[in-house]
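Undergrad: Have a look at the structure that comes next, please.
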Amino acid sequence: MPASAPRPVPASAPRPAPASGPKPDSAVVRDALGVGVAVGLSGFAFGVTSAGAGLSVLQTCALSLLVFTGASQFALVGALAAGGNPLTAAAGAFFLGVRNAFYGLRLSQLLRLPGPVRPLAAQWVIDETTAVALAQPTRRGARIGFTVTGLSLYVLWNLTTLAGALGAEALGDTAAWGLDAAGPAVFLALLAPMLRTATERVVAGLAVVLGLGFLPVLPAGVPVLVAALAAPAVLWLEGRRFAARGTGTVRRKGADR
Amino acid sequence: MNIWIAIGVTAVGCYLVKLLGLLVPAGVLERPLVQRLAALLPVALLAALTAQQTFSANGALVLDARGAGLAAAALALVLRAPFLVVVAAAVAVTAGVRAIGG
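Protein chains in written order, with this note's numbering: chain Y, 983 to 1239; chain Z, 208 to 309.
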């Protein structure tokens, strides 16, 4: 999935030089399994949410097997549950998945995977595997971390998705169990570590206003795409402010002349 | 059928962007503006989705038990709780508020 990548990532933080030689493989495996198991279990929440949104068990499992990037999966079933057009719903999920391309870019330099392996490895290019791989001091460690996290997370995420989808049917009304709050909680948990600077917070705030403001007036699934425009909008404003400062200097120089 | 179309499009699209990152030569995606946009896009989407899935029902804005659940999740995040605890807090509080008639 998905999700909570950033937490296990004290990763990219500078780590103290290992006192006793390189990090042993077993330590990499332990880190990777910790992330894989913890996040893998949250597939249960996805299974329940997806079934609660009206998807069949088969459809729910297909999403976890084929899409395998949690935020996109939650977004898709949420949009479908709200009655969104399938292509609009898919667009929102797709845009959330775009970040994985940038993870892939960093991983390809780090892992140096042979060409034939790449199409297989691609399915595991997600928040968690990237976080664990980037945290390792050596290429060998990064490869082990990526593989173990990817494998454990993929297997568990799909098993717990199935369990959640089947469990939801047994639970009946998932809303009575509060399970409709799982999706937004997952989003919030993913979002929180990203709100590092004022820019991210402004983007998030603007996106909330746009997303809620357009919700009553635009077809389901479209408001979230409008809200996505908060990102380029804030970047553009930042760029303008930067440029204004730049040209201000130029003008002053001109005035001196 | 519509659902399968959505699943198919999402699966293909999400797989291709994952593969793209592994295949394109470094440098193409490394322009600072592209990287900034890629980092901010999920922020905007996740914020909007969080708000929408908490404060809306059937295309209208509502405030119900999910609001309390999300507040519990936010508190858990502030307390640096693990991912599963954050989600569980939201679910439990939402169910609790509904049970007492919220």
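Note that CB positions come from ideal geometry on N, CA and C, so glycine has one too.
Kindly indicate which residue of A288(Z), L282(Z) and V250(Z) has the alpha-carbon position closest to the one of A1212(Y).
TA: V250(Z)
Undergrad: So which residues on chain Y does I212(Z) lean against when the C-beta distance must stay under 9 Å?
TA: P1068, L1069 and A1072
Undergrad: Kindly list the residues whose CB is nearer than 7 Å to the CB of G220(Z), restricted to its own chain and excluding five residues on each side of it in sequence; keep chain order.
TA: none
Undergrad: Going by DSSP, what residue range makes up the alpha helix (DSSP H) through P1205(Y)?
TA: V1204 to A1210
Undergrad: Tell me which residues share the same chain as A1064(Y) and place their Cβ nearer than 6 Å to its Cβ, disregarding the 5 neighbours each side in the sequence.
TA: A1202
Undergrad: How would you write the range of the alpha helix (DSSP H) that V1199(Y) sits in, first residue to last?
TA: No alpha helix (DSSP H) contains V1199(Y), which DSSP labels as neither H nor E.
Undergrad: Once DSSP output is grouped into helix, strand and coil, what is the label at S1038(Y)?
TA: coil
Undergrad: Whole angstroms are fine: how far does the CA of G1149(Y) sit from the CA of N1140(Y)?
TA: 14 Å
Undergrad: Quick check: is the beta carbon of A995(Y) nearer than 9 Å to any beta carbon in chain Z?
TA: The pLDDT assigned to A995(Y) is 40, lower than 50, so where the model puts this residue is not dependable; a value taken from the coordinates is nonetheless given after this. It does not: the Cβ of A995(Y) has no partner Cβ on chain Z nearer than 9 Å.
Undergrad: Have a look at the DSSP bridge pairing and note the partners of S1046(Y).
TA: S1046(Y) pairs with nothing; no bridge assigned.
Undergrad: Just confirm the distance between the C-beta atoms of Q1105(Y) and F1028(Y), as a whole number of angstroms; I'd bet it's less than 8 Å.
TA: Not confirmed; about 16 Å, so no contact.
Undergrad: Residues in the segment 1125-1147 of chain Y with C-beta within 7 Å of chain Z's C-beta atoms, listed in sequence order?
TA: none
Undergrad: Quick one, which of L1058(Y), F1026(Y) and G1123(Y) has its alpha-carbon nearest L1135(Y)'s?
TA: F1026(Y)
Undergrad: Which parts of the segment 1023-1107 of chain Y are runs of the alpha helix (DSSP H), unbroken and 4 residues or longer, counting only runs that do not cross its ends?
TA: 1025-1034, 1039-1048, 1052-1063, 1068-1079, 1081-1093 and 1100-1103
Undergrad: Taking only the alpha-carbon atoms, compute the straight-line gap between A279(Z) and S263(Z) and give it to the nearest angstrom.
TA: 18 Å
Undergrad: Could you please give me the residues that DSSP links to S263(Z) through a beta bridge?
TA: DSSP output for S263(Z) lists L268(Z) as bridge partner(s).
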